[in-house]
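J.: Sequential numbering from 8 applies to the sequence shown in our numbering.
Let me begin by handing over the structure; questions about it come next.
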Amino acid sequence: MAQGIFGGMTNYDDQSLEDILTDLRHWVDYTKEIKNFIEQGTKTLKESGYWNRVPFNFQTILISSIKTQQTFLHDFKLIMNAIQNERLSSREVELMKRIGLNAEDYNVQYGKSYKEDSDWKDYGNKDFKVVENLYADGRDYFITIQDASNISTRLSDYFNPISHSVNQSVHQLISGNNNIVAGYNNGTMNKTEINVNDFSNEVDSALEKIKSIEEVSPALKDHIMEVLKESKEAVLQDNLEAQSISKTKMKSFLIGAGANAINLVHLLGTYSSIASYFEL
């Protein structure tokens, strides 16, 4: 289908999986094109010496966006394969949602880092024109990809809650006073011991600290706080299926996390029970 003219506002509610695949194929080509464009642009600026005049924060956004686009390509492939093989699961839905949230975050950071200082801008200079194009085209790309969040909502209507994977590793949680919960699946079982009260308290503490982090967009903070709350509830209720889903969401977040999400990862890693639960 053709996306709407406003980034992040395309309605996919009446679109089929084939319609979604059409957009994803276009996004794969678009991602490869813009990734190469940014790589060549930064190379040109470094060779001319103008790169040193570009503010550090905008340099960081440009470099990290290349890595993020490579991750997007990996995730798009996973999602497209799942759709084509009729094996959509919560993993693909969550990956698509994360792509949309990361795109939203990069859209904000592109504007913020490029506009925070104007002393370096040399209008009319051919090298500065390269920077202008990197900003405009790079930001337009992420504005377009914001629609991934809307696609994820539509994909959730199709996903199969029954896993098609067999003989896979299952990470079981042992909770309570040394009570071992029963597991299922014919794969390898890895048991992780955590104390339920410790985990609950650590989640509460982490939620408060996440609120005070200023370097991360509200969308990213809201998402990871939601995952933590779901994880806490799943542990308190000894709900193995919910635990598995929450861990998958966290792994998807880490796979697609943009540069500005690293502070969240570092914070969670300081909590032993949380780190053990999510295998950080």
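All C-beta atoms in this analysis are idealised placements derived from N, C-alpha and C, irrespective of residue type, glycine included.
Just so we're clear, the structure is a prediction, and the values are computed from it rather than from any experiment.
Quick one: Cα of residue 176 to Cα of residue 161, how far?
T.: Any reading at residue 176 must be qualified, since the residue scores a pLDDT of 42, below 50, and its modelled position is unreliable; the value itself is stated next. Approximately 29 Å between the Cα atoms of the pair.
J.: State the CB to CB distance for the pair residue 94 and residue 255, rounded to an integer number of angstroms; the pair is presumed to be in contact (CB under 8 Å).
T.: The pair is not a contact, with the Cβ atoms about 14 Å apart (cut-off 8 Å).
J.: Where does residue 188 fall in DSSP's three states?
T.: The predicted position of residue 188 is uncertain, since its pLDDT is 38 and thus under 50; no value can be drawn from it.
J.: Which of the three DSSP states, helix, strand or coil, is assigned to residue 279?
T.: Note: residue 279 maps to helix in three-state DSSP.
J.: If you run the structure through DSSP and keep just helix, strand and coil, what is residue 123?
T.: Residue 123: coil per DSSP, three-state reduction.
J.: Using DSSP with H/G/I as helix, E/B as strand and the rest coil, what is residue 61?
T.: Residue 61 falls in the coil class under three-state DSSP.
J.: Whose C-beta lies closer than 7 Å to the C-beta of residue 141 among residues of the same chain, with five residues either side of it excluded?
T.: Around residue 141: 45, 48 and 69.
J.: On the three-state DSSP scale, how would you describe residue 107?
T.: Residue 107 falls in the helix class under three-state DSSP.
J.: Considering only the beta carbon of each residue, do residue 279 and residue 242 sit closer than 9 Å?
T.: No. Outside cutoff.
J.: Are three or more beta carbon pairs between the stretch 98 to 107 and the stretch 117 to 130 nearer than 8 Å?
T.: Not touching, per the Cβ criterion.
J.: At what residues does the alpha helix (DSSP H) containing residue 207 begin and finish?
T.: Start and end: 203 to 219.
J.: What is the DSSP secondary structure of residue 223, counted as helix, strand or coil?
T.: The answer is coil: DSSP assigns residue 223 none of H, G, I, E or B.
J.: With a CB to CB cut of under 6 Å and the five nearest residues on each side skipped, what residues in its chain are close to residue 152?
T.: 110, listed in sequence order.
J.: Does DSSP put residue 71 in a helix, a strand or coil?
T.: Here residue 71 sits in helix by DSSP.
J.: Checking 9 Å against the spacing of the C-beta atoms, do residue 231 and residue 284 come in under that value?
T.: The answer is no: Cβ separation not under 9 Å.
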